[in-house]
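Student: Let me give you the structure first, and then I'll get to my questions.
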Amino acid sequence: MLKTEINELLTHTGPGTPMGELFRRYWIPALHAEELPENDCPPVRVKILSERLIAFRDSEGKYGLIDEFCAHRGVSLWFGRVEERGIRCAYHGWKYDVTGQCLEVPSEPENSNFCSKVRLTAYPLVKVGDILWTYMGDREQQPGLPEFEFAQVPAEQTYTSKRWQESNWLQALEGGIDSSHVSWLHSGGLKSDPLFKGTKGNEYNLNDLRPFFEVAEADGGLFVGARRNAENGNYYWRITPYVMPSFTLVPPRGDHPVHGHFWVPIDDENTWVYTFDYHPTRSLTPEERQAMIEGHGVHSRNIPGTYRPMENKDVDYLIDREAQKRGETFSGVRGIAQQDASLQESMGPIVDRTKERLVSSDTGIIKARQKLRKAVEALRDEGVMPPGVDPAHHRVRSAAIVLPQEQSFIEACRDDLRARPGVAHTSV
Amino acid sequence: MTTPQRPILLNSCARAATAEEARFRIDRPIGGRAALVLALDDEAADVVDRVAEKPWRGARFFHAGDVPFSQLEAELADADVAIMIATADADGEVAAALARACAERGIMTAGLILGEQLEVAGAVSALRPYARNLMVTSDEDDVAEVLTALRA
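Taken in sequence, the protein lines are chains A and B.
Taking the working numbering, the leading residue of the first sequence gets 711, the next gets one more, and so forth.
Taking the working numbering, the leading residue of the second sequence gets 12, the next gets one more, and so forth.
Set out below in structure tokens:
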């Protein structure tokens, strides 16, 4: 349960809001790199943290992310032409470069310097892995580039998809921290999904539906451990890292690739979900990559040419009651991603947390909210840099491991929870 | 898909969700949780005393060293969650006894261990078998935060 004012504090991310200011201290995903595939390709409209922007790639390959609307009369630059060193407004031909600087105002005399006085808001846009990242905060405070392992490994070892979720970012993120729903909502996928099935860990998952949870602090966020009974009195642990503000990793299964998410507010009622799979030590197989493209694992099956999932609100998520009855899917919705999204969207655009009834297995969510609130307040009131900004905080891993009862997962897995180039992840 | 396609109009109400409308959802009184909060050592007792000064719906606070176990058992009669608060010196035996009593009565157990991970490793091991939900935190505010979230 949260008070109304705290719920609003955490869920509103537009310019000038405290949580919006927090998000603007991080590099965050702005586009999938495939959206700007070549120099001078068509521009892309980007709404992020409630700001309307236009992304383009100029003739020299430089990425630009600038205000969507022309400084002249406010028309959208999405209709513009990307041409030599910039984008030209389709209305009267004003031209801007990737820094937002106006280069030409054709209606002015040839020797006029009027254009030098015109500049649009612009943010850096940098490709790291499959993602174009932006930093929308104070340039003086700009941190080092992201160092998440999924974006650091060679291209053949990683795959990223993107989908639109019609809910506030926080209820989507909370699904990534809450391990307790997996044994229920996703139980069908553990048996059949090509990116999950066939591991010993699944047996532990399905044999023990009442896991114990343990939450521990990390430099950049949290580690949430879920433990279940294994053989000989040992415990099977699944350890989920959360890096602030909105990055989570799912614990691995066998030698399957490791997956995770980055939730980015489009505005207060919509979210971009960047979902990735990577393997730290080997290339993804053609079969694995194809399964990801087809929306298996934690990826979505999108309407071609869009990032909107086929199983969306307009079509009741294509719910299949017969499959639900047969137990193939617990909720009747196909695919892990849309099983989550369908329920999170059903909570409403911004869930009213004054009305929820949390239980003690929600401790991870309670702690994550508290960390976010404290970070927002410390930044707003004292200018304190939030956890997760430092790229060193990005170098985490999830893990799945069997440990003796008396061992602490955080101590026993100290190395397993660190990204180590060339070293396989710890998995069962 | 084997389910016959139904008219899309059937989902119009779900599609029409708005943030404002959320105010009218679950429009019934929401009761609190009857929480028993037990400090397992002296340092934890100081924390629990400070937290107990805040207004709570029905949470009851105890020090393991100050009350006979039989009284704690009696207090469990109408509790639905038992929360153990500990620091490095946690009394594992009391935790075990309380957890057994809770298990017999179907009462959820949780533990908050206050301190740096390395310093409280012993307490974490002692409580792990008995608390279904365990949080290790250096932030004392988490005790009140968890109780508030649970409507204790």
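Backbone N, C-alpha and C define an ideal beta-carbon position, used for all residues, glycine too.
Remember, it's a predicted structure, so these values are computed and weren't measured experimentally.
Any beta-carbon of chain A closer than 7 Å to the one on residue 95 of chain B?
Tutor: Indexing the second sequence from 1 puts residue 95 of chain B at position 84. Not an interface residue.
Student: Can you find the residues in the same chain that come closer than 8 Å, C-beta to C-beta, to residue 1034 of chain A, ignoring five residues on each side of it along the sequence?
Tutor: Translated into positions along the first sequence, residue 1034 of chain A becomes position 324. Same-chain partners within the cutoff: 1040, 1041, 1042.
Student: So the alpha helix (DSSP H) residue 146 of chain B belongs to, where does it begin and stop?
Tutor: Here residue 146 of chain B refers to the residue found at position 135 of the second sequence. Not the alpha helix (DSSP H): residue 146 of chain B falls in the beta strand (DSSP E), residues 144-148.
Student: What are the start and end residues of the alpha helix (DSSP H) that includes residue 1077 of chain A?
Tutor: Residue 1077 of chain A sits at position 367 when you count from the first residue of the first sequence. From DSSP, the alpha helix (DSSP H) with residue 1077 of chain A extends over 1073-1092.
Student: Closest by CA to residue 756 of chain A, which one among A:730, A:802, A:835, A:1006?
Tutor: Numbered from its first residue, the first sequence carries residue 756 of chain A at position 46. Measuring from the Cα of residue 756 of chain A, the nearest candidate turns out to be A:835.
Student: So, at 6 Å on beta carbons, what are the nonlocal neighbours of residue 663 of chain A in its own chain, with the 5 sequence-adjacent residues on each side left out?
Tutor: Past the boundaries of the shown model lies residue 663 of chain A; chain A is included only from 711 to 1138, so the question cannot be answered.
Student: Given that residue 1058 of chain A touches chain B, what residues does it touch there, using C-beta distances under 9 Å?
Tutor: Taking the first sequence and counting its residues from 1, the one referred to as residue 1058 of chain A is at position 348. Near residue 1058 of chain A (Cβ distances below 9 Å), the residues of chain B are 28, 29, 30, 32, 33, 36.
Student: Distance, Cα to Cα, residue 1063 of chain A vs residue 878 of chain A?
Tutor: Start at 1 with the first residue of the first sequence, and residue 1063 of chain A comes out as number 353. Start at 1 with the first residue of the first sequence, and residue 878 of chain A comes out as number 168. C-alpha separation (whole angstroms): 12 Å.
Student: Which residue or residues does DSSP assign as beta-bridge partners of residue 946 of chain A?
Tutor: Position 236 of the first sequence, counting from 1, holds the residue named residue 946 of chain A. DSSP, once it has assigned bridges, lists A:938, A:1112 as partnering residue 946 of chain A.
Student: Is there contact here, the stretch 839-850 of chain A with the stretch 738-756 of chain A, by at least three beta-carbon pairs under 8 Å?
Tutor: Judged by Cβ distances under 8 Å, the stretch 839-850 of chain A makes contact with the stretch 738-756 of chain A, as three or more pairs qualify.
Student: Between residue 62 of chain B and residue 142 of chain B, how many whole angstroms is the CB-CB distance? I'm expecting something under 8 Å.
Tutor: Locating residue 62 of chain B in the second sequence gives position 51, where the first residue counts as 1. Locating residue 142 of chain B in the second sequence gives position 131, where the first residue counts as 1. With 8 Å as the limit, residue 62 of chain B and residue 142 of chain B do not qualify as a contact, their Cβ atoms being about 18 Å apart.
Student: Let's test the definition: count the other Cβ atoms within 10 Å of the Cβ of residue 995 of chain A and tell me whether it reaches 16, buried, or not, exposed.
Tutor: For this step, residue 995 of chain A is matched to residue 285 along the first sequence. Result: exposed.
Student: Tell me, please, whether the CB atom of residue 936 of chain A is closer than 7 Å to any CB atom in chain B?
Tutor: Within the first sequence, residue 936 of chain A is the residue found at index 226, counting from 1. Not one chain B Cβ lies under 7 Å of residue 936 of chain A.
Student: Starting from residue 96 of chain B, follow the beta strand (DSSP E) in both directions and report where the run begins and ends.
Tutor: Taking the second sequence and counting its residues from 1, the one referred to as residue 96 of chain B is at position 85. Per DSSP, residue 96 of chain B belongs to the beta strand (DSSP E) from 92-97.
Student: Quick one: is residue 90 of chain B near chain A, going by C-beta distance under 7 Å?
Tutor: Stepping through the second sequence from its first residue, residue 90 of chain B is reached at position 79. So no, residue 90 of chain B is outside the interface.
Student: Can you find a CB in chain B that lies within less than 7 Å of the CB of residue 1111 of chain A?
Tutor: As a position in the first sequence, residue 1111 of chain A is number 401, starting the count at 1. Not one chain B Cβ lies under 7 Å of residue 1111 of chain A.
Student: Give the secondary structure of residue 794 of chain A by DSSP, where H, G and I count as helix, E and B as strand, and everything else as coil.
Tutor: Locating residue 794 of chain A in the first sequence gives position 84, counting from the first residue. Residue state, collapsed to three classes: coil.
Student: Throw me the rounded Cβ distance for the residue 1060 of chain A and residue 721 of chain A pair, which I believe falls under 8 Å.
Tutor: Mapped onto the first sequence, residue 1060 of chain A falls at position 350. Mapped onto the first sequence, residue 721 of chain A falls at position 11. Their Cβ separation, rounded to whole angstroms, is 5 Å, which keeps residue 1060 of chain A and residue 721 of chain A in contact under 8 Å.
Student: Could you pull out every residue in the same chain whose Cβ sits closer than 7 Å to the Cβ of residue 1152 of chain A, ignoring the five residues on either side in sequence?
Tutor: Nothing in the structure corresponds to residue 1152 of chain A, since chain A is present only between 711 and 1138.
Student: Rounded to a whole number of angstroms, what is the C-alpha to C-alpha distance between residue 1077 of chain A and residue 924 of chain A?
Tutor: Translated into positions along the first sequence, residue 1077 of chain A becomes position 367. Translated into positions along the first sequence, residue 924 of chain A becomes position 214. The alpha-carbon atoms of residue 1077 of chain A and residue 924 of chain A are separated by roughly 11 Å.
Student: Within 10 angstroms of its Cβ, does residue 802 of chain A collect 16 or more other Cβ (buried), or is it exposed?
Tutor: Counting from 1 along the first sequence, the entry for residue 802 of chain A is found at position 92. Classification for residue 802 of chain A: exposed.
Student: Where residue 145 of chain B and residue 875 of chain A are concerned, what is the direct C-alpha to C-alpha distance, given to the nearest angstrom?
Tutor: Sequence index remark: in the second sequence, residue 145 of chain B carries index 134 (1-based). Sequence index remark: in the first sequence, residue 875 of chain A carries index 165 (1-based). Straight-line Cα distance between these residues: approximately 32 Å.
Student: At a CB distance below 9 Å, what residues from the stretch 1096-1125 of chain A approach chain B? Give them in sequence order.
Tutor: Going along the stretch 1096-1125 of chain A in chain order, one finds 1115, 1116, 1117, 1118, 1120, 1121 with a Cβ nearer than 9 Å to chain B.
Student: Could you tell me whether any Cβ in chain A is nearer than 7 Å to the Cβ of residue 59 of chain B?
Tutor: Numbered from its first residue, the second sequence carries residue 59 of chain B at position 48. No, its Cβ sits nowhere closer than 7 Å to a Cβ of chain A.
Student: By how many angstroms is the C-alpha of residue 905 of chain A removed from the C-alpha of residue 940 of chain A?
Tutor: On the first sequence, position 230 is the one that residue 940 of chain A refers to. On the first sequence, position 195 is the one that residue 905 of chain A refers to. If you take the alpha carbons of residue 940 of chain A and residue 905 of chain A, they lie about 23 Å apart.
Student: Are the C-beta of residue 23 of chain B and some C-beta of chain A separated by less than 7 Å?
Tutor: If you number the second sequence from 1, residue 23 of chain B lands on position 12. It does not: the Cβ of residue 23 of chain B has no partner Cβ on chain A nearer than 7 Å.
Student: Kindly provide the ranges of any alpha helix (DSSP H) runs that are 4 or more residues long and lie completely inside the stretch 719-797 of chain A, ordered along the chain.
Tutor: Counting whole runs of 4 or more residues, the stretch 719-797 of chain A contains the alpha helix (DSSP H) stretches 728-733.
Student: Is the shortest distance between the beta-carbon of residue 926 of chain A and the beta-carbons of chain B less than 7 Å?
Tutor: Within the first sequence, numbered from 1, the residue matching residue 926 of chain A stands at position 216. Taking Cβ atoms only, chain B reaches closer than 7 Å to residue 926 of chain A, which makes this a yes.
Student: So for residue 172 of chain B, helix, strand or coil by DSSP?
Tutor: The shown model of chain B, from 12 to 163, leaves out residue 172 of chain B, and the question about it has no answer.
Student: What do you get for residue 1002 of chain A, buried or exposed, if any count of 16 or more other CB atoms within 10 angstroms of its CB means buried?
Tutor: Indexing the first sequence from 1 puts residue 1002 of chain A at position 292. By the 10 Å Cβ count, residue 1002 of chain A comes out buried.
Student: Taking Cβ-Cβ distances below 7 Å as the criterion, which residues of the stretch 108-134 of chain B are in contact with chain A?
Tutor: Residues 119, 121, 128, 132.
Student: Does residue 104 of chain B come within less than 7 Å of chain A when only Cβ atoms are used?
Tutor: By 1-based counting over the second sequence, the position of residue 104 of chain B is 93. Residue 104 of chain B does not count as touching chain A.
Student: Are there three or more Cβ pairs, one per stretch, closer than 8 Å when the stretch 1096-1107 of chain A is compared with the stretch 848-864 of chain A?
Tutor: Yes, the stretch 1096-1107 of chain A is in contact with the stretch 848-864 of chain A.
Student: State whether the stretch 1110-1121 of chain A contacts the stretch 859-874 of chain A, with contact taken as three or more CB pairs (one from each stretch) at a distance under 8 Å.
Tutor: Contact between the stretch 1110-1121 of chain A and the stretch 859-874 of chain A is absent, because fewer than three Cβ pairs lie under 8 Å.
Student: Helix, strand or coil: which one does DSSP assign to residue 857 of chain A?
Tutor: One-based indexing of the first sequence puts residue 857 of chain A at position 147. Residue state, collapsed to three classes: coil.
Student: Is the beta carbon of residue 732 of chain A closer than 7 Å to that of residue 1099 of chain A?
Tutor: As a working note, residue 1099 of chain A is residue 389 in the first sequence. As a working note, residue 732 of chain A is residue 22 in the first sequence. Against a cut-off of 7 Å, the Cβ pair of residue 732 of chain A and residue 1099 of chain A comes out as no contact.
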